[in-house]
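Data block below; observations after.
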Amino acid sequence: MAALTLSDVVATSQAVTATRSRLAKREALVDLLKRADRDDVEVAVAFLSGALRQRRTGVGWASLRDLPDPASTSSLNVAEVDAAFEAISRMSGAGSAAARLEAVSALMSRATDDEQQFLRGLVHGELRQGALETSLVDAIAAAADVPLASVRRAVMLRGAVGPVAVAALTGGQPAVEAFGLTVGQPVKPMLASAAPDMAAAFGKLRVGADDSEVCVDTKLDGIRIQVHKRGGEVRVYTRSLDDITTRLPEVVAAAEGLSVREAVLDGEAIALDGAGRPRPFQETSSRTASHLDELTGPPGTAVTPFFFDCLHVDGEDLIDLPLRDRLSQLDAVTPESTRINRLITSSAQDAADFFAKAVAAGQEGVVVKDLAAAYDAGRRGAAWIKVKPRHTLDLVVLAVEWGSGRRQGWLSNIHLGARDPAGGFVMLGKTFKGMTDEMLAWQTERFTDLAVDGRDGYVVHVRPEQVVEIAFDGLQRSTRYPGGVALRFARVLRYRDDKTADEADTIATVQGLQ
Numbered sequence: 002m003a004a005l006t007l008s009d010v011v012a013t014s015q016a017v018t019a020t021r022s023r024l025a026k027r028e029a030l031v032d033l034l035k036r037a038d039r040d041d042v043e044v045a046v047a048f049l050s051g052a053l054r055q056r057r058t059g060v061g062w063a064s065l066r067d068l069p070d071p072a073s074t075s076s077l078n079v080a081e082v083d084a085a086f087e088a089i090s091r092m093s094g095a096g097s098a099a100a101r102l103e104a105v106s107a108l109m110s111r112a113t114d115d116e117q118q119f120l121r122g123l124v125h126g127e128l129r130q131g132a133l134e135t136s137l138v139d140a141i142a143a144a145a146d147v148p149l150a151s152v153r154r155a156v157m158l159r160g161a162v163g164p165v166a167v168a169a170l171t172g173g174q175p176a177v178e179a180f181g182l183t184v185g186q187p188v189k190p191m192l193a194s195a196a197p198d199m200a201a202a203f204g205k206l207r208v209g210a211d212d213s214e215v216c217v218d219t220k221l222d223g224i225r226i227q228v229h230k231r232g233g234e235v236r237v238y239t240r241s242l243d244d245i246t247t248r249l250p251e252v253v254a255a256a257e258g259l260s261v262r263e264a265v266l267d268g269e270a271i272a273l274d275g276a277g278r279p280r281p282f283q284e285t286s287s288r289t290a291s292h293l294d295e296l297t298g299p300p301g302t303a304v305t306p307f308f309f310d311c312l313h314v315d316g317e318d319l320i321d322l323p324l325r326d327r328l329s330q331l332d333a334v335t336p337e338s339t340r341i342n343r344l345i346t347s348s349a350q351d352a353a354d355f356f357a358k359a360v361a362a363g364q365e366g367v368v369v370k371d372l373a374a375a376y377d378a379g380r381r382g383a384a385w386i387k388v389k390p391r392h393t394l395d396l397v398v399l400a401v402e403w404g405s406g407r408r409q410g411w412l413s414n415i416h417l418g419a420r421d422p423a424g425g426f427v428m429l430g431k432t433f434k435g436m437t438d439e440m441l442a443w444q445t446e447r448f449t450d451l452a453v454d455g456r457d458g459y460v461v462h463v464r465p466e467q468v469v470e471i472a473f474d475g476l477q478r479s480t481r482y483p484g485g486v487a488l489r490f491a492r493v494l495r496y497r498d499d500k501t502a503d504e505a506d507t508i509a510t511v512q513g514l515q
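To convert, take the position in the sequence shown, counting from 1, and add 1; that gives this note's numbering.
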């Protein structure tokens, strides 16, 4: 079988982007997978997931700002591209920046215009093509004639689609079902859906009619961690399955102190102040920065681990057990001081009171959990439901960026500003979240009309007239923006044509929310 070309992958990506039909997406992906050689499958799956296999390449915006003229014909195959980025990711030391730039230029000079844009999106993680993991998992099952449930479970336990795709296409169902939970190999974390309030969360879990109980966990304003302990070895992984063991020695020490030989624990790490309240989120998140791998002394800001689930203990996998049983195991192997505060209740009012106390203590909110549910790794299902207070602001759109992928041709990502009573506006961040297709079409027309002279690449600057209502989860300190703060998880609720820019919230109002 011939090597899979980059143009094949780009064409498939474009076909997937061009349709909203899940069936059509799957058919396009199945066709590519069936044509791919075994050695190319894992790379192709990574590319169609919108990522390089190398998590860090050292290639920044500047390296891709001025690309060489594109090639007139395609000559690259996926193995060559993967090997090129692998070599680039390993460059370090004196002269590495220049060598990296030269290598990127050499690779891009062999790529066509479509291929250059595709590779640029891969490097920056902005390839919004619609070939998300769900579509790929469906396609892998169909191409290999393996039950979809088996492929899903294997992906959850392996923590990656590529190796499962290779196994499915070469070994069929037996190879797929050979994947299991392995201590030291991270699994995809179970995720929570959302509800606007406690009553809605209880309604989703159908609590109340039969006095059934739920678990209400405090939702910490920290970073998700998955801790694996095997004998004297401890590994710590992030939500995205990055290994951050060397960056969180406090978490390692806590795991080493457990009186078990093997364990896999799910939890959060958070920086606390002297009163036990959470410090600003960025102080916790900064502990995952890659530069900490080179530290030889203790880190500046201490973090504390808190666990809320247990997936494995001393040779026994627990993921298929009900949460109630997993919590019993968690309580047996961890001290209370390392467990997230939780409430077991059938009362929505008691849960609401617990929620209010968590928020008053500076935390994000709560997660309401079905005590009968198994650990559905990698899935955002109905068994876990997060409830958080919703903050809103009326802000002004200062600029807008042209979209890519499915949003190609639409003005998408908006730059948000708060009003400065002294004059002008203070930028607080950007968002493309919460926009429907109708909203994208409307704002493309609206911001085209508001556009002013001057365009910075794909950014269109606009007259600061349009007010937008933004929901967000909190604030974090920022040196990037002049107001010193940035919105966390901002999303569009609606455009406010009933308000003028003079009625937008001020930067003082925003800063007062800290």
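For every residue, glycine included, the Cβ atom is placed at its ideal position computed from N, Cα and C.
Asked: Between the Cα of E504 and those of G425, G363 and A400, spot the shortest distance and give me the residue it belongs to.; Found: G425
Asked: Leaving out five residues before and five after D151 in sequence, what residues of the same chain have Cβ atoms less than 7 angstroms from its Cβ?; Found: For the record, residue 151 in the displayed sequence is Ser; it is not Asp. Cβ neighbours of S151 beyond the five flanking positions: Q174, V177 and E178.
Asked: Which value, in whole angstroms, describes the spacing of the CA atoms of V165 and R408?; Found: 30 angstroms
Asked: Evaluate K389 with the Cβ neighbour count: other Cβ atoms within 10 Å of its Cβ, from every protein chain shown; 16 or more gives buried, anything less gives exposed.; Found: buried
Asked: Please confirm whether Q402 and K220 have their CB atoms less than 8 angstroms apart.; Found: Per the sequence presented here, residue 402 reads as Glu, with Gln not at that position. No; because the gap between Cβ atoms is not below 8 angstroms, this pair is not in contact.
Asked: When DSSP builds the beta bridges, which residues end up paired with M428?; Found: G418
Asked: Please classify I245 as buried or exposed, where buried requires at least 16 neighbouring CB atoms within 10 angstroms.; Found: buried
Asked: Beta-carbon separation of V215 and L206 under 8 angstroms?; Found: yes
Asked: According to DSSP, is V177 part of a helix, a strand, or is it coil?; Found: helix
Asked: From A104 to R327, what distance separates their C-alpha atoms?; Found: 50 angstroms
Asked: In terms of DSSP beta bridges, what is G404 paired with?; Found: Q409
Asked: Taking G418 as the reference, which of A145, L5, S241 and D506 has the closest Cα?; Found: D506
Asked: With a cut-off of 8 angstroms, does the C-beta of S14 fall near any C-beta of chain C?; Found: Looking for chain C here will not work: only one protein chain is present.
Asked: Would I386 pass as a contact of A143 if the rule is Cβ separation under 8 angstroms?; Found: no
Asked: Considering only C-alpha positions, which residue in the set F309, V82 and H313 is nearest to L344?; Found: F309
Asked: Spell out a yes or no on whether the segment 70 to 80 and the segment 2 to 11 are touching, meaning 3 or more CB-CB pairs, one atom from each, closer than 8 angstroms.; Found: yes
Asked: Cα separation between S348 and Q330?; Found: 25 angstroms
Asked: Taking the alpha carbon of A140 as the reference point, which residue from E116, A169 and L120 has its own alpha carbon closest?; Found: A169
Asked: Measuring only the C-alpha atoms, how far is T1 from A84?; Found: Lying before the first or after the last residue shown, residue 1 is absent from the chain, which here runs from 2 to 515.
Asked: Quick check on A520: does DSSP put it in helix, strand or coil?; Found: Here the chain comprises residues numbered 2 to 515, so residue 520 is not present and cannot be evaluated.
Asked: Does the structure place the segment 253 to 266 close enough to the segment 221 to 232 that three or more beta carbon pairs sit under 8 angstroms?; Found: yes
Asked: How should Q117 be labelled, buried or exposed, when 16 other C-beta atoms within 10 angstroms of its C-beta is the threshold for buried?; Found: buried
Asked: For P69 and S110, I'd like the C-alpha separation in whole angstroms.; Found: 6 angstroms
Asked: Here's the rule: buried if 16 or more other CB atoms are within 10 angstroms of the residue's CB, otherwise exposed. What is G94?; Found: exposed
Asked: Between the alpha carbons of A487 and G382, how many angstroms are there, rounded?; Found: 30 angstroms
Asked: Between the segment 471 to 480 and the segment 488 to 501, can you find at least three pairs of beta-carbon atoms closer than 8 angstroms?; Found: yes
Asked: Let me make sure I understand the geometry here. Which of R492, A352, A373 and L312 has the alpha-carbon closest to that of R391?; Found: R492
Asked: To the nearest angstrom, how far is it from the Cα of F86 to the Cα of V44?; Found: 11 angstroms
Asked: Determine the DSSP secondary structure at K370, reduced to helix, strand or coil.; Found: strand
Asked: Whose C-beta lies closer than 6 angstroms to the C-beta of A256 among residues of the same chain, with five residues either side of it excluded?; Found: V228, K230 and V235
Asked: Do L30 and T13 have their beta-carbon atoms positioned less than 8 angstroms apart in this structure?; Found: yes
Asked: Under the DSSP definition of a beta bridge, which residues are partnered with F308?; Found: G268 and R340
Asked: Beta-carbon within less than 6 angstroms of I363's beta-carbon, same chain only, minus the 5 sequence neighbours each way: which residues are those?; Found: Strictly speaking, residue 363 in this sequence is Gly, with Ile absent from that position. Closer than 6 angstroms at the Cβ level, and outside the excluded window around G363, lie R278 and P279.
Asked: Could you have a look at R66 and say whether DSSP puts it in helix, strand or coil?; Found: helix
Asked: Please go through the segment 148 to 178 and give each complete alpha helix (DSSP H) segment of 4 or more residues, from N-terminal end onward.; Found: 149 to 159 and 162 to 178
Asked: Which residue's Cα is closest to the Cα of R57: K35, M92 and A161?; Found: M92
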